[in-house]
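In what follows, a structure is listed as structure tokens, so that the remarks can point back to it.
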């Protein structure tokens with residue numbers, strides 16, 4: 006068997022449509038994205054836990070629609086007119102719960118984007134009512150938006166997400182290693198990212214391939 010070589014390479018996330026693994030946990034969300042540009046009201050929310058694939062789906066949609074992608078935390082009123090000229094995706098709206106200026110900017114972006122005949126995609130952890138938004142007008146707009154939910158992973162999706170994240174780091178553990186990790190880990194998307202990062206660093210520091218033994222050491226520290 007060829008030895009797995011370990012290099013400190015940059016992480017490049019594969020965010021294309023072909024890289025998105027479809028399972029019952031995310032099929033509904035993908036189906037709603039695919040309905041563009043016929044979204045009800047010209048807008049859609051992608052909701053779900055961290056690491057569920059919201060950013061990946063956002064990039065899939067951006068490639069389809071030509072949309073701009075912007076972080077909610079960077080929104081300003083001055084940026085709204087330029088953003089509203091094309092379809093636009095606003096990521097991590099839950100992070101502006103305590104930022105009234107960003108909420109006001111998002112409210113104006115929502116209205117102007119739709120007035121310009123363009124479409125709007127919003128993402129956040131959990132459902133919109135859990136985002137902690139405090140601007141009443143913005144809240145009412147969220148309540149009138151179709152929500153596509155990405156659920157916690159089933160077995161197939163958990164292993165696929167893990168394999169993809171290893172692949173983003175130019176690492177290729179064998180299927181039996183992936184199965185071992187999936188069987189013994191705390192089953193969440195967020196934990197997949199932590200385990201992959203820890204195994205990458207441990208494998209690099211010890212100049213060893215990622216094996217069950219290495220995985221067992223990382224899992225015991227979780």
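Numbering (this note's numbering), first residue to last: 6 to 227. Note that the Cβ used here is the ideal one computed from N, Cα and C, for glycine as well. In this text the structure is predicted, and so the values were computed from the model without any measurement.
For residue j and residue i, the rounded distance between their alpha carbons
i, j, result
"residue 202", "residue 121", "42 Å"
"residue 180", "residue 111", "44 Å"
"residue 146", "residue 177", "44 Å"
"residue 148", "residue 101", "17 Å"
"residue 130", "residue 209", "32 Å"
"residue 113", "residue 182", "49 Å"
"residue 1", "residue 172", "Past the edges of the chain, shown from 6 to 227, lies residue 1, and the structure says nothing about it."
"residue 51", "residue 138", "16 Å"
"residue 190", "residue 204", "13 Å"
"residue 55", "residue 99", "11 Å"
"residue 184", "residue 103", "41 Å"
"residue 151", "residue 48", "7 Å"
"residue 72", "residue 108", "20 Å"
Residue i burial status per 10 Å Cβ neighbour count (16 or more: buried)
i, result
"residue 96", "buried"
"residue 78", "exposed"
"residue 134", "exposed"
"residue 229", "Since the displayed the chain opens at 6 and closes at 227, residue 229 lies outside it and no answer follows."
"residue 188", "exposed"
"residue 92", "buried"
"residue 206", "exposed"
"residue 126", "buried"
"residue 80", "buried"
"residue 169", "buried"
"residue 167", "buried"
"residue 94", "buried"
"residue 40", "exposed"
Three-state class that DSSP yields for residue i in the structure shown
i, result
"residue 138", "coil"
"residue 127", "strand"
"residue 154", "strand"
"residue 202", "helix"
"residue 96", "strand"
"residue 149", "coil"
"residue 222", "helix"
"residue 227", "coil"
"residue 132", "coil"
"residue 215", "coil"
"residue 104", "coil"
Practice item. Would you list, in sequence order, the uninterrupted beta strand (DSSP E) runs of no fewer than 3 residues that lie entirely inside the region 14-84? Key: For the region 14-84, whole beta strand (DSSP E) runs of length 3 or above, ordered along the chain, are 48-53, 73-76.
Review point. Are the region 86-94 and the region 156-171 in contact at 8 Å, needing three or more beta carbon pairs?
Key: No contact exists between the region 86-94 and the region 156-171.
**Study point:** the region 159-175 contacting the region 26-38, beta-carbon criterion three pairs below 8 Å
**Key:** By the Cβ rule, the region 159-175 counts as touching the region 26-38, because three or more pairs are nearer than 8 Å.
Check your understanding: Pairing CB atoms from the region 218-227 with CB atoms from the region 192-200, are three or more of them under 8 Å?
Key -> The region 218-227 makes contact with the region 192-200; the number of CB pairs closer than 8 Å reaches 3 or more.
Review point. Which ranges would you report for the alpha helix (DSSP H) in the region 155-202 if only whole runs of at least 4 residues count?
Key: Entirely contained in the region 155-202, the alpha helix (DSSP H) runs reaching 4 residues are, in chain order, 160-173, 180-189.
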